[in-house]
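Data first, discussion second: the structure below is written as structure tokens.
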Amino acid sequence: MGPSTDSFAIQAERLTRHYHMGTAVVRAVDDVSLSIRAGEFVALLGSSGSGKSTLLNLMAGLDRPTSGAIFAHGRSLAGMTSEELAQHRSRTIGMVFQAFNLLPRMTLEENVELPLRLAGTERAERAPRVHEAVGRVRLAERLAHRPGELSGGEQQRAALARALVNRPTILLADEPTGNLDSATGDEIMALLREINESLGMTIVMVTHERPRAERFAHRIVLMKDGKIESDGERP
Amino acid sequence: MKIRDLGELAGRNLREALLRNSLTTLGIAVGVASLVAMLSLGVGLQELANQRLSHSGLFDAIFVAPHSNFSAFGRPARSNQQPPSSESLEPPRLLDEDARQEMQHLPSVTEVYPEIRFPTEIRFKDNPYSTVVAGVPMSAHSGGAFDGMKGAFFSSPTADETILQIEFARELSTQPDSLIGQEIVLAYAERQPLPAEPGEKNPAAGGPGQGAPEAGLSPGFSVVPREENLRIVGIVETQPAAGFGGGGTGRVLIPLQLAEKLRAAQTNDFREILGGTPGKANYQSLTVRVTGPSAVKDVEDAIKGMGFSTFSLLDATDNLRLVFAVFDLLLGIFGSLALVVASLGIINTLVMAILERRREIGVLKALGAADRDVRRLFFAEAGVMGLLGGISGVALGWAIGRAMNFGANVYLHRRALPATNLSSVPWWLVAAAISFSVAVSLAAGIYPASRAARLDPVEALRYE
Numbered sequence: 001m002g003p004s005t006d007s008f009a010i011q012a013e014r015l016t017r018h019y020h021m022g023t024a025v026v027r028a029v030d031d032v033s034l035s036i037r038a039g040e041f042v043a044l045l046g047s048s049g050s051g052k053s054t055l056l057n058l059m060a061g062l063d064r065p066t067s068g069a070i071f072a073h074g075r076s077l078a079g080m081t082s083e084e085l086a087q088h089r090s091r092t093i094g095m096v097f098q099a100f101n102l103l104p105r106m107t108l109e110e111n112v113e114l115p116l117r118l119a120g121t122e123r124a125e126r127a128p129r130v131h132e133a134v135g136r137v138r139l140a141e142r143l144a145h146r147p148g149e150l151s152g153g154e155q156q157r158a159a160l161a162r163a164l165v166n167r168p169t170i171l172l173a174d175e176p177t178g179n180l181d182s183a184t185g186d187e188i189m190a191l192l193r194e195i196n197e198s199l200g201m202t203i204v205m206v207t208h209e210r211p212r213a214e215r216f217a218h219r220i221v222l223m224k225d226g227k228i229e230s231d232g233e234r235p
Numbered sequence: 236m237k238i239r240d241l242g243e244l245a246g247r248n249l250r251e252a253l254l255r256n257s258l259t260t261l262g263i264a265v266g267v268a269s270l271v272a273m274l275s276l277g278v279g280l281q282e283l284a285n286q287r288l289s290h291s292g293l294f295d296a297i298f299v300a301p302h303s304n305f306s307a308f309g310r311p312a313r314s315n316q317q318p319p320s321s322e323s324l325e326p327p328r329l330l331d332e333d334a335r336q337e338m339q340h341l342p343s344v345t346e347v348y349p350e351i352r353f354p355t356e357i358r359f360k361d362n363p364y365s366t367v368v369a370g371v372p373m374s375a376h377s378g379g380a381f382d383g384m385k386g387a388f389f390s391s392p393t394a395d396e397t398i399l400q401i402e403f404a405r406e407l408s409t410q411p412d413s414l415i416g417q418e419i420v421l422a423y424a425e426r427q428p429l430p431a432e433p434g435e436k437n438p439a440a441g442g443p444g445q446g447a448p449e450a451g452l453s454p455g456f457s458v459v460p461r462e463e464n465l466r467i468v469g470i471v472e473t474q475p476a477a478g479f480g481g482g483g484t485g486r487v488l489i490p491l492q493l494a495e496k497l498r499a500a501q502t503n504d505f506r507e508i509l510g511g512t513p514g515k516a517n518y519q520s521l522t523v524r525v526t527g528p529s530a531v532k533d534v535e536d537a538i539k540g541m542g543f544s545t546f547s548l549l550d551a552t553d554n555l556r557l558v559f560a561v562f563d564l565l566l567g568i569f570g571s572l573a574l575v576v577a578s579l580g581i582i583n584t585l586v587m588a589i590l591e592r593r594r595e596i597g598v599l600k601a602l603g604a605a606d607r608d609v610r611r612l613f614f615a616e617a618g619v620m621g622l623l624g625g626i627s628g629v630a631l632g633w634a635i636g637r638a639m640n641f642g643a644n645v646y647l648h649r650r651a652l653p654a655t656n657l658s659s660v661p662w663w664l665v666a667a668a669i670s671f672s673v674a675v676s677l678a679a680g681i682y683p684a685s686r687a688a689r690l691d692p693v694e695a696l697r698y699e
């Protein structure tokens, strides 16, 4: 059954994801129901193994639920083919990872252009889109550099530009500050907040850093053992 | 993803592991080179055989004789002769000038000529030499039998010129080349018709290949000794055949029209008189040349329809093609083995690439790449390796072929034999080898590409 309104960017209904490890069953996400409104900045908080990254992967369509339903802008991801899920990731979702995951042999410009190539965007349209995204993260002067020539903060900003270039409506960030020092981490968080406010983009961020989540996110969803322990607006 | 982007990404990935991919491509190139070298040898030998056989003048020629004449050769009736019928009780149609003209006007017929060959005496510097003179049609020049001859071909169809076969030239002089430009005297017996006795008609005054009969002549003929001065214009190493009428080939060759004009008495003239062939002048046999082996069957059928027996080596050509097809197949199979081994190299390289680029595949999928895009990317990499390997392999195979030709020609030269090409790389072989290389590479890429496409993105992103 679909959501009542598409003002929700993401809706999970009794979402479950189990893994088999030998004979044991790991309940990574266990009967989770969650609604995230469009334009919200939500932090999924929890310790390691709490299921927050698995939930993020289910939202991205990188993984499929064992049971339950998950919707993005009212469309059920569980019923999509792998081709449709790829389109969902290309058009609706932007992703940022803890390890940046930039391709080391490509320049910053080529890395940012990659999602446009995968989406089949016309060549003439690509350069302005890349410059727009890189400008938004303030890396325009580093276009010709390879990831190895950039600092950690610059690499994460480059990854952010890559996530933004296809103009997604939902940005999913998995521990985006996990590999950064405190000051650089704050810079990235400020940038995420800026993107959220200026573009109205829905952001779901996985983190285990409560203070940072409380400073920047609108809402904190605390997860433990695959379940939502608490869900509330930032005080 | 668009094809151009796919190609660019594949090229970038291949450059990334340059040494490994170059070695894999080299493996394919060696495989293709082996295939091309093997097949070029097959093609070259086939071309050589075809060339030699076509130069023999046997495969675009039809031997025509009256029905009765085949039995005269002591041959049993052949499958391509007319079956016996009620018509066979009628006298067989004469192979005369009218029939020759009729054949000349058949489609695809380039030339119809009788076989003229007669034993005679040649005088050179007052020394007599017995030999056989043969008439050679002007068309024989383009047939290739005179390729590599010393001197020149006949300047005109009736020129008083001769080309000597090398063995005979050596009898005349220890330095055969010096004979060119010198003259020999051809002594021969000219047949002349006898006046007819009252109430008698001459059936054979014209004789084979000697024009239309004259009215009011006797069935016999007289023989008058004649001499003809001939200038030696060339010396030929091979013995060009003018058909397959039997008998030895000539050692002194003269233009066919000149030979007809000489009206020299031939050995079968006497048999003709004794046989009492009724009617007007006729030929013992005719050789019909056609535009190519493919035209032989139609022309043969038409001539049979005219009431003559025919014989050609068409069936032998078909068998030859079959032999070479099997030969090429075997060479192709052996040549392909190396390419099959090379394809294992592609599988190995791409499987290694999956392991190395596992995380990258996960990133691509997270950024929106579909399974199909990942599969096509690996396919493109396999295809590019196949294409580059195919192109360089063809070049390498061609070079091997040239080396084989060079080696063979050095060997032939040392044995004073004419140069030849053992290996030939036609365009179809180039295209087929490159296509085959790409196809084998793509086939080798199926497993790695499917494996990469099936990779779980979550697992791949977790991979360190």
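Respectively, the protein sequence lines represent chains X and E. All residue numbers for the first sequence refer to our numbering, where the first residue is 1 and numbers rise by one. All residue numbers for the second sequence refer to our numbering, where the first residue is 236 and numbers rise by one. Idealized CB from N, CA, C, for every residue including glycine.
For the pair isoleucine 357 of chain E and valine 420 of chain E, the CB atoms are nearer than the 8 angstroms cut-off. In the DSSP assignment, glutamine 336 of chain E falls outside any beta strand (DSSP E) and within the unbroken alpha helix (DSSP H) covering 332-339. For threonine 393 of chain E against leucine 493 of chain E, the beta-carbon gap comes to about 5 angstroms, under 8 angstroms, which counts as contact. Counting the other Cβ atoms within 10 Å of the Cβ of tyrosine 19 of chain X gives fewer than 16, which makes it exposed. The straight-line gap separating the alpha-carbon atoms of glycine 79 of chain X and threonine 23 of chain X is approximately 28 angstroms. About 15 angstroms separates the beta carbon of alanine 28 of chain X from that of arginine 14 of chain X, a gap too long to meet the 8 angstroms contact definition. Fully enclosed alpha helix (DSSP H) runs of no fewer than 4 residues occupy 52-60, 82-91, 108-119 of the segment 41-125 of chain X, in order along the chain. Using a CB distance cut-off of 8 angstroms, proline 115 of chain X counts as an interface residue toward chain E. Here glutamate 616 of chain E is actually not in contact with leucine 274 of chain E; their C-beta atoms are around 27 angstroms apart, not less than 8 angstroms. In the structure shown, the three-state DSSP call for valine 458 of chain E is strand.
For asparagine 179 of chain X, there are no neighbours in chain E by C-beta distance under 7 angstroms, as the nearest C-beta there is about 13 angstroms away. Three or more beta-carbon pairs separated by less than 8 angstroms are not found between the segment 567-574 of chain E and the segment 74-90 of chain X, which leaves the two stretches without contact. Its Cα nearest to that of glycine 570 of chain E, the residue E:Val629 stands out among E:Thr584, E:Pro528, E:Val629, E:Phe294. Among the CB atoms of chain E, one or more fall inside 8 angstroms of the CB of glutamate 83 of chain X. Excluding sequence positions up to five before and after glutamine 417 of chain E, its CB lies within less than 7 angstroms of the CB of Ile467, all in the same chain and listed in chain order.
Within chain E, the residues whose beta carbon sits less than 9 angstroms from that of serine 90 of chain X are Leu602, Gly603, Ala604, Ala605, listed in sequence order. Judged by DSSP in its simplified three-state form, glutamate 209 of chain X adopts coil rather than helix or strand. A buried status is given to arginine 611 of chain E, since no fewer than 16 other beta-carbon atoms sit within 10 Å of its beta-carbon.
Across the set E:Ala375, E:Leu488, E:Ala272, the C-alpha of E:Leu488 shows the shortest separation from the C-alpha of isoleucine 401 of chain E.
In the three-state reduction of the DSSP assignment, serine 685 of chain E falls in the helix class, which pools H, G and I. The closest CA to that of arginine 117 of chain X, considering only E:Ser547, E:Glu425, E:Ala605, is found on E:Ala605. Within chain E, the C-beta atoms nearer than 9 angstroms to that of leucine 118 of chain X come from Met236, Asp240, Leu599, Leu602, Gly603, Ala604, Ala605, Asp608, in chain order.
In the DSSP assignment, tyrosine 646 of chain E falls within the unbroken alpha helix (DSSP H) covering 606-649. The Cβ neighbour count for phenylalanine 641 of chain E, taken over all protein chains shown within 10 Å, is under 16; the residue is labelled exposed. For the segment 9-40 of chain X, there are no residues whose beta carbon sits under 8 angstroms from a beta carbon of chain E. Chain X places a beta carbon closer than 8 angstroms to that of proline 692 of chain E, counting this residue as a contact. Residues of the segment 59-75 of chain X with a C-beta atom less than 9 angstroms from some C-beta of chain E are Ala60, Leu62, Asp63, listed in chain order. Taking the beta carbon of leucine 696 of chain E as reference, the chain X residues within 8 angstroms of it are Leu62, Phe97, Asn101, listed in sequence order.
The bridge partners DSSP lists for histidine 302 of chain E come to none. Take leucine 664 of chain E, set aside five residues on each side of it, and the residues of its chain with a beta-carbon closer than 7 angstroms to its own are Val271, Leu274, Ser275, Val278, in chain order.
Straight through space, the alpha carbons of histidine 302 of chain E and glycine 386 of chain E are spaced by roughly 41 angstroms.
Using a Cβ-Cβ distance cut-off of 8 angstroms, the segment 336-352 of chain E and the segment 532-540 of chain E are in contact, since at least three pairs of beta carbons, one from each stretch, lie closer than that value.
Neighbours of glutamate 251 of chain E in chain X, taken as residues whose beta carbon is under 9 angstroms from its own, are Arg105 in chain order.
Look at the segment 245-270 of chain E: the residues with a C-beta under 9 angstroms from a C-beta of chain X are Arg247, Asn248, Arg250, Glu251. In this structure arginine 167 of chain X is exposed. Its beta-carbon is surrounded by fewer than 16 other beta-carbon atoms within 10 angstroms. Taking tyrosine 682 of chain E as the centre and dropping the five residues before and after it, the same chain places the C-beta of Ile582 closer than 7 angstroms to its C-beta, in chain order.
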